[in-house]
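The structure appears right after this line, and notes come after that.
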Amino acid sequence: MAKWLSHVDINGGSVLHTCAQYQGKGEASIKLLEYGGEHLPKEEMAMWLSSVTNCFSSVLHLCARYQTEGNTLTELIELAADQYVSEEDTREWLLRVDKKGWNILQYCARYQSQGATLTRLADYGENYLHKEKMAEWLSHVETTGANVLLHCARQHFKTLMEL
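Heads up, the sequence shown is in our numbering, so the first residue is 22 and it goes up one at a time.
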């Protein structure tokens, strides 16, 4: 079972990456994470969650980009941080930038339909990141020259005021 769960395809993606990208509502990703927790040792679980595709996309990047409704992204972070990933791994997971230069805050601000997801994500940042890393996370500029505040201004003006 562990071998099946941790198998990666030619693009570097696991079944968890595929679920995050293609299973719209997100229940499958959460169930799969719980299933992995039952069948993988904690160290393997942490590696599975923090693995990236050839485009450097983590499960969080894909979740923030493609699972735009509901709380899948925040549920995934909470479950992983509480049970499977160390505080240091969670910090690295939140800060990771993909091949486009985007972090999960930027994907969340650009694609999530609910601004509350972004504010909860910022709360996680406050809990897991040191002050200077939090500032770096919020001000990170991706390849098009936008940071999370610019994406937020386009999509979630009310949320922008809360940040």
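Using N, Cα and C, we set each Cβ at its ideal position, and we do this for glycine too. Quick caveat, the model's predicted, so the values are computed rather than measured.
Sub-8 Å separation of residue i and residue j beta-carbons
| i | j | result |
| --- | --- | --- |
| Asn-75 | Asn-32 | yes |
| Tyr-145 | Arg-86 | no |
| Leu-139 | Ala-130 | yes |
| Leu-61 | Ser-50 | no |
Beta-carbon separation (whole angstroms), residue i vs residue j, contact threshold 8 Å
| i | j | result |
| --- | --- | --- |
| Gln-42 | Leu-83 | 5 Å |
| Val-217 | Leu-97 | In this structure the chain extends from 22 to 184, so residue 217 is not present and cannot be described. |
| Gln-104 | Gly-136 | About 27 Å separates the two Cβ atoms, so there is no contact after all. |
Option in the options with minimal Cα separation from residue i
| i | options | result |
| --- | --- | --- |
| Val-118 | Trp-69, Thr-138, Val-169 | Val-169 |
| Met-68 | Gly-34, Ala-156, Tyr-149, Thr-138 | Gly-34 |
Min CB distance residue i to chain B below 8 Å
| i | result |
| --- | --- |
| Val-162 | This model lacks chain B altogether, as it is built from one protein chain only. |
Local conformation of residue i per DSSP, three classes
| i | result |
| --- | --- |
| Gly-122 | coil |
| Lys-46 | coil |
| Ser-78 | coil |
| Ile-51 | helix |
| His-60 | helix |
| Asp-110 | helix |
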